[in-house]
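One structure below.
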Amino acid sequence: MKESVKFAALADFHQAMFPDRAENMLDQFIEAAKKEKVDFVIDLGDFAFPLPANNIPIENSKPLIDKFNSAFDVPVYHVLGNHECDYFTKKESLEFHGFGTEGTYYSFDAEPFHFVVLDANFMKLPEGYVAYENRNYYKWSYENPPVIPYIPDYELEWLREDLAKAKYPTILFSHQRLSPGYFNSGIRNRDEFLEVVNSAPNKVVLSINGHEHVDYVEKIDNIWYYSLISGSNMYAGSKYSPTVCQYSQTQYGIITLDKKGAYVKKTEGEYIGPSPVDIGYPHGERYLPYVTEKYLEF
Ligand SMILES: [Fe+2]
Numbered sequence: 151m152k153e154s155v156k157f158a159a160l161a162d163f164h165q166a167m168f169p170d171r172a173e174n175m176l177d178q179f180i181e182a183a184k185k186e187k188v189d190f191v192i193d194l195g196d197f198a199f200p201l202p203a204n205n206i207p208i209e210n211s212k213p214l215i216d217k218f219n220s221a222f223d224v225p226v227y228h229v230l231g232n233h234e235c236d237y238f239t240k241k242e243s244l245e246f247h248g249f250g251t252e253g254t255y256y257s258f259d260a261e262p263f264h265f266v267v268l269d270a271n272f273m274k275l276p277e278g279y280v281a282y283e284n285r286n287y288y289k290w291s292y293e294n295p296p297v298i299p300y301i302p303d304y305e306l307e308w309l310r311e312d313l314a315k316a317k318y319p320t321i322l323f324s325h326q327r328l329s330p331g332y333f334n335s336g337i338r339n340r341d342e343f344l345e346v347v348n349s350a351p352n353k354v355v356l357s358i359n360g361h362e363h364v365d366y367v368e369k370i371d372n373i374w375y376y377s378l379i380s381g382s383n384m385y386a387g388s389k390y391s392p393t394v395c396q397y398s399q400t401q402y403g404i405i406t407l408d409k410k411g412a413y414v415k416k417t418e419g420e421y422i423g424p425s426p427v428d429i430g431y432p433h434g435e436r437y438l439p440y441v442t443e444k445y446l447e448f
């Protein structure tokens, strides 16, 4: 059996927010992943994200989506992000983005670990779980009432069965966080999720997500939860000017796993123009434009 596995992860690339720089920034990621000789590549969601307000058609994102999908001679995996559900149903989105036929949650092995991709792009409404599609989730809140995000009961049952069959310790990938995290923006049915995860015979050791654009790691009950920063930006929102603080270089996770832990390599980068501190964003100093070195011991 192999002793370790190395992969490259890109989160929240949001290419349509930086049309002039996007291809160069994608090339930086492709070059880094190849140089590191990774065993696989994973996109953690929100790759394109053309805001309707910007009048950029989703079709304009296709060339770089195709470039990402065909750039590597190792497997490429995808996690569905909420913004992949802005222009499509999930089924349409899988087709448009070339995510393959596995569906929105699936698993694979890369020795010596089992990897599970989860889909938390669901609302829980009085009538039941409703999948994100065509921006239907925009009107709902993380709080008051906490309608998003959820992993539905049927997906958790699939996870229970998948983990029961796993031959190796497991790493989870998701777009939204699976623990409370810095913003308390994780899945709302964490207790149900934990019941499934804690009953797995081969333990879950690490969960990696995007969505938050902030580098944040916490260990709860022997599971590490790590938010990888965006590939391109810190998103401050319309109350701030500028609304987006751009990174000078593409940010990504080069992560090596062995039985003892996960090593996350440091990257380089700074802000182009005003930083979150400069624009007065709350706790702006927390938003680093690079990935910090980490060793997460299992
Ligand atoms: Fe997101």
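Numbered per the working numbering, the sequence shown spans residues 151 to 448. Positions of the beta carbon are idealized from the N, C-alpha and C atoms, including for glycine. A quick note: this is a predicted structure, and the numbers were derived from the prediction, not measured.
Going along the chain, which residues put their C-beta within less than 5 Å of some heavy atom in ligand 1?
-> Asp196, Gly231, Asn232, His361
Can you tell which of Lys212, Phe272, Phe199, Leu356 has its C-alpha closest to the C-alpha of Ile321?
-> Residue nearest to Ile321 within the set Lys212, Phe272, Phe199, Leu356 is Leu356 (criterion: CA-CA distance).
Ile298 - partner residues in DSSP beta bridges = According to DSSP, Ile298 bridges with nothing at all.
Determine the direct distance from the alpha carbon of Leu160 to that of Thr468, and round the result to whole angstroms.
-> Since the first residue of the chain shown is 151 and the last is 448, residue 468 is not available in this structure.
Alpha carbon of Gly248 to alpha carbon of Ile215, nearest angstrom = Separation of Gly248 and Ile215 (C-alpha to C-alpha, rounded to the nearest whole angstrom) is 8 Å.
Could you say which of Leu344, Ile358, Ser382 lies nearest to Asp466 if we only look at CA atoms?
-> Past the boundaries of the shown model lies residue 466; the chain is included only from 151 to 448, so the question cannot be answered.
I think Gly360 touches Asp196, with their Cβ atoms under 8 Å apart; what is that distance to the nearest whole Å?
-> Contact check for Gly360 and Asp196: beta-carbon distance about 7 Å, within the 8 Å limit, so the pair qualifies.
Fully enclosed by the region 261 to 346, which alpha helix (DSSP H) runs are 4 residues long or longer?
-> 303 to 315
Cβ of Tyr318 within 7 Å of Cβ of Phe265?
-> no
Leu194 and Val226 closer than 7 Å at C-beta = no
Kindly give me the distance between the Cβ atoms of Ala270 and Ser211, rounded to whole angstroms, as I take these residues to be in contact under 8 Å.
-> Going by Cβ atoms, the distance from Ala270 to Ser211 rounds to 22 Å, so no, they are not a contact pair.
Is DSSP giving Gln399 helix, strand or coil here?
-> coil
Bridge-paired residues (DSSP) for Phe190 | Phe157
For Tyr237, count neighbouring C-beta atoms within 10 Å of its own C-beta (all shown protein chains included) and say buried if the count is 16 or more, exposed if not.
-> buried
Backbone CA spacing between Phe218 and Pro200 [nearest angstrom] = 17 Å
Taking all protein chains shown into account, do 16 or more other C-beta atoms lie within 10 angstroms of the C-beta of Ala314, making it buried, or fewer, making it exposed?
-> exposed
Please report how far the alpha carbon of Tyr385 lies from the alpha carbon of Val354, in whole angstroms.
-> C-alpha separation (whole angstroms): 31 Å.
Shortest alpha-carbon distance to Ala316 belongs to which of Ser257, His363, Ser398?
-> Ser257
Report the three-state DSSP secondary structure of Ser257 (helix, strand or coil).
-> Reduced to three states, the DSSP call for Ser257 is strand.
Exposed or buried, Lys187, counting other C-beta atoms within 10 Å across all chains shown (16 or more means buried)?
-> exposed
For Glu443 versus Lys416, is the C-beta spacing smaller than 7 Å?
-> yes
Met384: first and last residue of the uninterrupted beta strand (DSSP E) it sits in = 383 to 385
Of all the options Asp303, Tyr282, Pro351, Glu173, which has the alpha carbon lying nearest to the alpha carbon of Ala241?
-> For clarity, residue 241 is Lys in the given sequence; the question names Ala instead. Closest option to Lys241, Cα to Cα, is Tyr282.
Hey, could you find the ends of the alpha helix (DSSP H) Ala183 is sitting in?
-> 172 to 185
Does Asn383 come within less than 7 Å of chain C when only Cβ atoms are used?
-> You won't find chain C in this structure, because it holds only one protein chain.
In chain order, what residues of the same chain lie with their CB nearer than 6 Å to the CB of Val427, ignoring the 5 residues before and after it?
-> Take Val427, set aside five residues on each side of it, and the residues of its chain with a beta-carbon closer than 6 Å to its own are Gly434, Glu435, in chain order.
Count the other CB atoms, across all protein chains shown, that sit within 10 Å of the CB of Tyr437; report buried if there are 16 or more and exposed otherwise.
-> buried
Per DSSP, His228 is paired with what?
-> Paired residue(s): Asp193.
Can you have a look at Phe333 and say buried or exposed, based on whether 16 or more other CB atoms are within 10 angstroms of its CB?
-> exposed
What's the gap between the Cα of Ala260 and the Cα of Ser335?
-> 29 Å
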